[in-house]
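A quick write-up on the structure given underneath.
Numbering (this note's numbering), first residue to last: 496 to 818.
Dropping the structure here:
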(Lines of atoms letter the chains of each structure in order from A and count residues from 1; the text may use other names and numbers.)
(Lines give C-alpha, C1' and ligand atoms only; values in the text may rest on other atoms or scores of the structure.)
Protein backbone atom coordinates (compact mmCIF):
# COMPACT_ATOMS: atom_id res chain seq x y z
CA UNK A 1 0.00 0.00 0.00
CA UNK A 2 1.70 3.15 -1.26
CA UNK A 3 0.70 6.81 -1.23
CA UNK A 4 0.42 8.76 -4.47
CA UNK A 5 2.99 11.36 -3.38
CA UNK A 6 5.48 8.61 -2.51
CA UNK A 7 5.20 6.69 -5.79
CA UNK A 8 5.48 9.88 -7.82
CA UNK A 9 8.59 10.92 -5.89
CA UNK A 10 10.24 7.48 -6.05
CA UNK A 11 9.11 6.20 -9.45
CA UNK A 12 7.75 9.20 -11.36
CA UNK A 13 4.50 7.34 -12.08
CA UNK A 14 1.24 6.59 -10.27
CA UNK A 15 1.36 3.05 -11.66
CA UNK A 16 4.95 2.03 -10.91
CA UNK A 17 6.61 -1.22 -11.90
CA UNK A 18 7.81 -2.57 -8.55
CA UNK A 19 9.67 -5.59 -9.92
CA UNK A 20 12.98 -3.72 -9.86
CA UNK A 21 14.70 -0.79 -8.12
CA UNK A 22 16.24 2.15 -9.99
CA UNK A 23 14.29 4.60 -7.85
CA UNK A 24 14.43 8.33 -8.56
CA UNK A 25 16.33 10.66 -6.25
CA UNK A 26 15.69 14.38 -5.78
CA UNK A 27 18.96 16.32 -5.99
CA UNK A 28 17.41 19.79 -6.38
CA UNK A 29 18.96 21.23 -3.21
CA UNK A 30 22.48 20.24 -4.27
CA UNK A 31 21.92 21.25 -7.91
CA UNK A 32 20.71 24.72 -6.93
CA UNK A 33 24.04 25.47 -5.24
CA UNK A 34 26.08 24.76 -8.39
CA UNK A 35 26.97 27.17 -11.19
CA UNK A 36 25.32 24.95 -13.82
CA UNK A 37 22.66 27.04 -15.54
CA UNK A 38 20.39 24.14 -16.45
CA UNK A 39 20.16 23.11 -12.80
CA UNK A 40 19.78 26.62 -11.38
CA UNK A 41 17.13 27.65 -13.91
CA UNK A 42 15.02 24.56 -13.27
CA UNK A 43 15.02 25.05 -9.51
CA UNK A 44 14.51 28.84 -9.65
CA UNK A 45 11.38 28.32 -11.79
CA UNK A 46 9.87 25.95 -9.24
CA UNK A 47 10.97 22.77 -11.00
CA UNK A 48 13.14 19.89 -9.84
CA UNK A 49 16.40 18.14 -10.62
CA UNK A 50 16.16 14.38 -10.18
CA UNK A 51 18.20 11.40 -11.23
CA UNK A 52 18.45 7.64 -11.27
CA UNK A 53 21.55 5.50 -10.93
CA UNK A 54 22.31 2.82 -13.52
CA UNK A 55 24.70 0.40 -11.76
CA UNK A 56 27.85 -0.60 -13.63
CA UNK A 57 27.06 1.52 -16.69
CA UNK A 58 29.88 4.08 -16.45
CA UNK A 59 31.54 2.36 -19.39
CA UNK A 60 28.73 3.27 -21.77
CA UNK A 61 30.15 4.46 -25.08
CA UNK A 62 29.30 7.78 -26.71
CA UNK A 63 27.03 5.86 -29.08
CA UNK A 64 25.15 4.25 -26.19
CA UNK A 65 24.75 7.60 -24.41
CA UNK A 66 23.51 9.19 -27.63
CA UNK A 67 21.02 6.33 -27.92
CA UNK A 68 19.68 7.13 -24.45
CA UNK A 69 19.32 10.78 -25.43
CA UNK A 70 17.42 9.80 -28.57
CA UNK A 71 15.07 7.72 -26.42
CA UNK A 72 14.46 10.66 -24.07
CA UNK A 73 13.95 13.10 -26.96
CA UNK A 74 11.40 10.72 -28.48
CA UNK A 75 9.33 11.43 -25.35
CA UNK A 76 9.36 15.15 -26.12
CA UNK A 77 12.10 16.09 -23.64
CA UNK A 78 15.16 18.20 -24.43
CA UNK A 79 17.55 15.45 -23.37
CA UNK A 80 19.18 13.75 -20.42
CA UNK A 81 22.33 14.70 -18.52
CA UNK A 82 24.79 11.89 -17.78
CA UNK A 83 27.49 11.56 -15.13
CA UNK A 84 29.91 8.61 -15.35
CA UNK A 85 32.00 7.58 -12.32
CA UNK A 86 35.34 5.90 -13.03
CA UNK A 87 35.21 2.26 -11.95
CA UNK A 88 38.85 2.25 -10.81
CA UNK A 89 38.20 4.65 -7.94
CA UNK A 90 38.36 3.01 -4.50
CA UNK A 91 35.41 4.88 -3.00
CA UNK A 92 33.55 8.19 -3.19
CA UNK A 93 35.92 9.85 -0.72
CA UNK A 94 38.74 9.14 -3.18
CA UNK A 95 36.82 10.62 -6.11
CA UNK A 96 38.52 13.45 -8.04
CA UNK A 97 37.17 15.65 -10.82
CA UNK A 98 39.20 13.60 -13.32
CA UNK A 99 37.18 10.53 -12.29
CA UNK A 100 33.89 12.16 -13.31
CA UNK A 101 32.70 12.51 -16.91
CA UNK A 102 29.86 15.01 -17.21
CA UNK A 103 29.10 18.40 -18.72
CA UNK A 104 27.67 19.46 -15.36
CA UNK A 105 30.84 18.69 -13.41
CA UNK A 106 32.59 21.62 -15.14
CA UNK A 107 30.32 23.94 -13.18
CA UNK A 108 30.56 22.10 -9.86
CA UNK A 109 33.11 21.90 -7.07
CA UNK A 110 34.45 18.54 -5.94
CA UNK A 111 32.45 18.67 -2.66
CA UNK A 112 29.29 19.33 -4.70
CA UNK A 113 30.01 16.39 -7.00
CA UNK A 114 30.68 14.12 -4.03
CA UNK A 115 27.50 15.30 -2.29
CA UNK A 116 25.47 14.59 -5.43
CA UNK A 117 27.01 11.12 -5.83
CA UNK A 118 26.35 10.27 -2.18
CA UNK A 119 22.78 11.53 -2.45
CA UNK A 120 22.31 9.27 -5.47
CA UNK A 121 23.85 6.34 -3.50
CA UNK A 122 26.05 5.75 -6.54
CA UNK A 123 29.30 3.78 -6.56
CA UNK A 124 32.41 3.87 -8.75
CA UNK A 125 31.50 2.37 -12.12
CA UNK A 126 27.92 3.67 -12.05
CA UNK A 127 26.18 5.98 -14.50
CA UNK A 128 23.93 8.71 -13.12
CA UNK A 129 21.11 9.90 -15.40
CA UNK A 130 19.73 13.35 -14.53
CA UNK A 131 16.71 15.33 -15.72
CA UNK A 132 15.92 18.97 -14.86
CA UNK A 133 12.75 20.94 -15.51
CA UNK A 134 9.15 21.14 -14.37
CA UNK A 135 8.14 18.31 -12.04
CA UNK A 136 5.63 16.68 -14.37
CA UNK A 137 8.05 16.48 -17.31
CA UNK A 138 10.94 15.24 -15.17
CA UNK A 139 8.79 12.49 -13.67
CA UNK A 140 7.46 11.45 -17.08
CA UNK A 141 10.95 11.27 -18.62
CA UNK A 142 12.66 9.48 -15.74
CA UNK A 143 9.77 7.03 -15.31
CA UNK A 144 10.10 5.95 -18.94
CA UNK A 145 13.90 5.94 -18.73
CA UNK A 146 13.71 3.83 -15.57
CA UNK A 147 11.81 1.14 -17.45
CA UNK A 148 14.12 1.36 -20.45
CA UNK A 149 17.25 0.94 -18.32
CA UNK A 150 15.68 -1.97 -16.44
CA UNK A 151 15.07 -3.73 -19.77
CA UNK A 152 18.60 -3.01 -20.98
CA UNK A 153 20.09 -4.30 -17.74
CA UNK A 154 17.77 -7.35 -17.63
CA UNK A 155 16.46 -6.37 -14.19
CA UNK A 156 12.84 -7.36 -14.81
CA UNK A 157 11.84 -10.90 -13.73
CA UNK A 158 9.29 -12.42 -16.11
CA UNK A 159 7.53 -14.52 -13.47
CA UNK A 160 6.81 -11.81 -10.87
CA UNK A 161 3.52 -9.95 -10.48
CA UNK A 162 4.18 -7.00 -8.17
CA UNK A 163 0.79 -5.71 -7.02
CA UNK A 164 0.26 -2.63 -4.87
CA UNK A 165 -2.58 -0.33 -3.90
CA UNK A 166 -1.89 3.35 -4.57
CA UNK A 167 -3.91 5.63 -2.28
CA UNK A 168 -4.27 9.27 -1.22
CA UNK A 169 -4.59 10.79 -4.69
CA UNK A 170 -5.13 14.56 -4.81
CA UNK A 171 -8.80 15.31 -5.34
CA UNK A 172 -7.99 18.24 -7.65
CA UNK A 173 -5.29 19.34 -10.07
CA UNK A 174 -4.67 22.28 -12.38
CA UNK A 175 -5.79 21.51 -15.94
CA UNK A 176 -3.01 21.94 -18.49
CA UNK A 177 -5.47 23.22 -21.09
CA UNK A 178 -7.76 25.55 -19.10
CA UNK A 179 -5.30 26.37 -16.26
CA UNK A 180 -8.23 25.98 -13.88
CA UNK A 181 -8.90 23.54 -11.05
CA UNK A 182 -10.16 20.20 -12.34
CA UNK A 183 -10.86 16.79 -10.82
CA UNK A 184 -7.88 14.44 -10.94
CA UNK A 185 -10.17 11.39 -11.27
CA UNK A 186 -13.82 12.47 -11.03
CA UNK A 187 -15.92 14.97 -9.05
CA UNK A 188 -17.82 12.26 -7.15
CA UNK A 189 -15.02 10.81 -5.02
CA UNK A 190 -15.09 11.71 -1.33
CA UNK A 191 -12.31 13.72 0.29
CA UNK A 192 -10.54 12.36 3.34
CA UNK A 193 -12.43 13.35 6.49
CA UNK A 194 -9.46 15.30 7.85
CA UNK A 195 -9.20 17.27 4.58
CA UNK A 196 -12.81 18.49 4.42
CA UNK A 197 -11.90 21.92 5.95
CA UNK A 198 -9.37 22.37 3.13
CA UNK A 199 -12.15 22.38 0.51
CA UNK A 200 -12.66 26.06 1.27
CA UNK A 201 -9.17 26.93 2.52
CA UNK A 202 -6.89 25.22 -0.03
CA UNK A 203 -8.59 22.77 -2.44
CA UNK A 204 -5.36 21.68 -4.15
CA UNK A 205 -4.17 20.18 -0.86
CA UNK A 206 -7.26 17.98 -0.47
CA UNK A 207 -6.58 14.24 -0.78
CA UNK A 208 -9.34 11.93 -1.94
CA UNK A 209 -10.51 8.52 -0.75
CA UNK A 210 -9.41 7.06 -4.07
CA UNK A 211 -7.36 3.97 -4.77
CA UNK A 212 -5.83 2.15 -7.73
CA UNK A 213 -4.53 -1.40 -7.86
CA UNK A 214 -1.38 -1.45 -9.99
CA UNK A 215 0.77 -4.30 -11.24
CA UNK A 216 3.98 -4.29 -13.28
CA UNK A 217 3.48 -0.74 -14.51
CA UNK A 218 -0.22 -1.08 -15.36
CA UNK A 219 -3.38 0.05 -13.61
CA UNK A 220 -5.44 -3.13 -13.11
CA UNK A 221 -8.29 -1.70 -11.02
CA UNK A 222 -9.51 1.70 -9.88
CA UNK A 223 -12.08 2.85 -7.38
CA UNK A 224 -13.05 5.19 -4.58
CA UNK A 225 -15.34 5.86 -1.66
CA UNK A 226 -18.02 8.13 -3.10
CA UNK A 227 -19.55 11.29 -1.74
CA UNK A 228 -22.86 10.78 0.04
CA UNK A 229 -23.17 14.19 1.71
CA UNK A 230 -24.95 16.84 -0.40
CA UNK A 231 -23.09 19.76 1.20
CA UNK A 232 -19.67 18.32 0.30
CA UNK A 233 -20.79 17.35 -3.21
CA UNK A 234 -22.07 20.87 -3.84
CA UNK A 235 -18.83 22.40 -2.52
CA UNK A 236 -16.80 20.22 -4.91
CA UNK A 237 -18.96 21.35 -7.83
CA UNK A 238 -18.46 24.99 -6.80
CA UNK A 239 -14.68 24.50 -6.66
CA UNK A 240 -14.98 23.24 -10.25
CA UNK A 241 -16.76 26.55 -11.06
CA UNK A 242 -20.27 25.19 -11.47
CA UNK A 243 -22.93 27.75 -10.56
CA UNK A 244 -25.84 26.75 -8.33
CA UNK A 245 -28.04 26.74 -11.44
CA UNK A 246 -25.58 24.42 -13.21
CA UNK A 247 -25.61 22.09 -10.21
CA UNK A 248 -29.41 21.98 -10.08
CA UNK A 249 -29.80 21.46 -13.83
CA UNK A 250 -27.06 18.87 -14.33
CA UNK A 251 -26.89 17.09 -10.99
CA UNK A 252 -30.24 17.82 -9.35
CA UNK A 253 -31.37 14.16 -9.08
CA UNK A 254 -28.03 13.17 -7.52
CA UNK A 255 -28.18 15.93 -4.89
CA UNK A 256 -31.81 15.04 -4.07
CA UNK A 257 -30.82 11.40 -3.62
CA UNK A 258 -28.16 12.50 -1.14
CA UNK A 259 -30.77 14.67 0.65
CA UNK A 260 -32.97 11.59 1.06
CA UNK A 261 -30.12 9.84 2.86
CA UNK A 262 -27.86 7.89 0.49
CA UNK A 263 -25.63 5.61 2.59
CA UNK A 264 -21.83 5.73 2.46
CA UNK A 265 -20.79 3.71 -0.55
CA UNK A 266 -17.81 2.92 -2.75
CA UNK A 267 -16.35 0.28 -4.99
CA UNK A 268 -13.64 -0.70 -7.42
CA UNK A 269 -13.66 -1.51 -11.13
CA UNK A 270 -11.12 -4.15 -12.19
CA UNK A 271 -9.70 -4.25 -15.70
CA UNK A 272 -9.91 -7.99 -16.22
CA UNK A 273 -8.54 -7.68 -19.75
CA UNK A 274 -5.36 -6.05 -18.41
CA UNK A 275 -4.93 -8.79 -15.81
CA UNK A 276 -5.31 -11.43 -18.53
CA UNK A 277 -2.81 -9.50 -20.68
CA UNK A 278 -0.25 -9.60 -17.86
CA UNK A 279 -0.84 -13.30 -17.20
CA UNK A 280 -0.47 -14.04 -20.92
CA UNK A 281 2.75 -12.04 -21.16
CA UNK A 282 1.35 -9.70 -23.82
CA UNK A 283 2.07 -5.98 -24.22
CA UNK A 284 -1.40 -4.84 -25.31
CA UNK A 285 -4.96 -5.82 -24.39
CA UNK A 286 -5.77 -6.12 -28.10
CA UNK A 287 -4.01 -9.49 -27.98
CA UNK A 288 -6.44 -10.88 -25.39
CA UNK A 289 -9.74 -9.39 -26.60
CA UNK A 290 -11.96 -11.46 -28.89
CA UNK A 291 -12.77 -8.70 -31.39
CA UNK A 292 -10.27 -5.87 -30.78
CA UNK A 293 -10.49 -2.53 -32.51
CA UNK A 294 -7.46 -1.26 -34.39
CA UNK A 295 -5.69 2.04 -33.73
CA UNK A 296 -8.24 3.82 -35.90
CA UNK A 297 -11.02 2.52 -33.57
CA UNK A 298 -12.39 0.29 -36.33
CA UNK A 299 -13.71 -3.24 -35.72
CA UNK A 300 -12.45 -5.18 -38.73
CA UNK A 301 -14.45 -8.31 -37.84
CA UNK A 302 -17.82 -6.54 -37.75
CA UNK A 303 -16.78 -3.95 -40.33
CA UNK A 304 -17.72 -1.15 -37.97
CA UNK A 305 -18.23 1.73 -38.03
CA UNK A 306 -20.27 1.59 -41.22
CA UNK A 307 -22.90 3.78 -42.91
CA UNK A 308 -26.30 3.88 -41.19
CA UNK A 309 -29.49 3.23 -43.15
CA UNK A 310 -31.73 6.25 -43.76
CA UNK A 311 -34.68 4.42 -42.15
CA UNK A 312 -32.74 3.97 -38.91
CA UNK A 313 -31.81 7.64 -38.79
CA UNK A 314 -35.42 8.67 -39.42
CA UNK A 315 -36.68 6.38 -36.65
CA UNK A 316 -34.26 8.00 -34.19
CA UNK A 317 -34.97 11.53 -35.46
CA UNK A 318 -31.35 11.97 -36.50
CA UNK A 319 -29.98 13.73 -39.56
CA UNK A 320 -26.49 13.51 -41.11
CA UNK A 321 -25.15 16.94 -42.00
CA UNK A 322 -22.61 17.15 -44.79
CA UNK A 323 -19.62 19.41 -44.09
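Beta carbons: idealized from backbone N, C-alpha and C, even for Gly.
8 Å CB neighbourhood of residue 610 in its chain, flanking five on each side removed = For residue 610, where only same-chain residues beyond five positions count, the Cβ hits under 8 Å are 525.
query = In its own chain, which residues sit with a C-beta less than 7 Å from the C-beta of residue 723, not counting the 5 before and 5 after it?
reply = Answer for residue 723: 753, 757, 758, 759, 760, listed in chain order.
ask   = Quick one: Cα of residue 602 to Cα of residue 780, how far?
value = For the pair residue 602 and residue 780, the Cα-to-Cα distance works out to about 48 Å.
inquiry  = Considering just the uninterrupted stretch of the beta strand (DSSP E) at residue 669, what are its terminal residues?
reply    = Element bounds for residue 669: 667-669.
ask   = Is the Cβ-Cβ distance between residue 769 and residue 713 less than 8 Å?
value = Yes, these two residues count as a Cβ contact at 8 Å.
query = Are the segment 587-600 and the segment 638-646 in contact at 8 Å, needing three or more beta carbon pairs?
reply = Result no; under three Cβ-Cβ pairs closer than 8 Å.
ask   = Taking the beta strand (DSSP E) that residue 546 falls in, what are its first and last residues?
value = First-last of the beta strand (DSSP E) with residue 546: 543-549.
query = Going by the CB atoms, is the gap between residue 702 and residue 664 shorter than 8 Å?
reply = In this structure, the beta-carbon distance from residue 664 to residue 702 falls below 8 Å.
task = Would you give the residue range spanned by the alpha helix (DSSP H) that residue 534 belongs to?
result = Looking at the DSSP string, the run of the alpha helix (DSSP H) that includes residue 534 is 532-539.
task = Would you kindly work out how many angstroms separate the C-alpha atoms of residue 616 and residue 517, rounded to a whole number?
result = Taking the CA atoms as reference points, residue 616 sits about 11 Å from residue 517.
ask   = Counting along the chain, where does the alpha helix (DSSP H) carrying residue 606 start and finish?
value = Note, residue 606: alpha helix (DSSP H), 605-614.
request  = Could you check if residue 704 is buried or exposed, using at least 16 other CB atoms within 10 Å of its CB as the buried criterion?
outcome  = Around the C-beta of residue 704, 16 or more other C-beta atoms lie within 10 Å, and the residue is accordingly described as buried.
task = Under 8 Å by Cβ, that's how I've got residue 502 and residue 633 pegged, so tell me the actual separation to the nearest angstrom.
result = Not really, about 15 Å apart at Cβ, beyond 8 Å.
message = Tell me which residue opens and which closes the alpha helix (DSSP H) that residue 771 is part of.
response = Start and end: 767-775.
key: Start and end residues, beta strand (DSSP E) containing residue 810   = For residue 810, there is no enclosing beta strand (DSSP E); the residue is found in the alpha helix (DSSP H) stretching over 805-810.
message = Does residue 620 come out as helix, strand or coil in the three-state DSSP assignment?
response = Assignment of residue 620 by DSSP, reduced to helix, strand and coil, places it in the coil class.
task = Using three-state DSSP, classify residue 510 as helix, strand or coil.
result = Secondary structure at residue 510: coil, using DSSP grouped into helix, strand and coil.
query = So, is residue 510 buried or exposed, given that buried needs 16 or more other C-beta atoms within 10 angstroms?
reply = With 16 or more Cβ atoms within 10 Å of its Cβ, residue 510 is classed as buried.
request  = Counting only the same chain and skipping the five closest in sequence on each side, list residues whose C-beta sits under 6 Å from that of residue 763.
outcome  = Within the same chain, and ignoring the five residues on either side of residue 763 in sequence, the residues whose Cβ sits closer than 6 Å to its Cβ are 716, 718.
task = Return the chain-ordered ranges of every alpha helix (DSSP H) run that is complete within the segment 698-764 and spans a minimum of 4 residues.
result = If only complete runs of 4 or more residues are kept, the segment 698-764 shows the alpha helix (DSSP H) at 725-734, 739-755, in order along the chain.
ask   = Of all the options 579, 645, 691, 796, which has the alpha carbon lying nearest to the alpha carbon of residue 621?
value = It is 579 whose Cα lies nearest to the Cα of residue 621.
inquiry  = Measuring only the C-alpha atoms, how far is residue 546 from residue 552?
reply    = So the two alpha carbons sit approximately 14 Å from each other.
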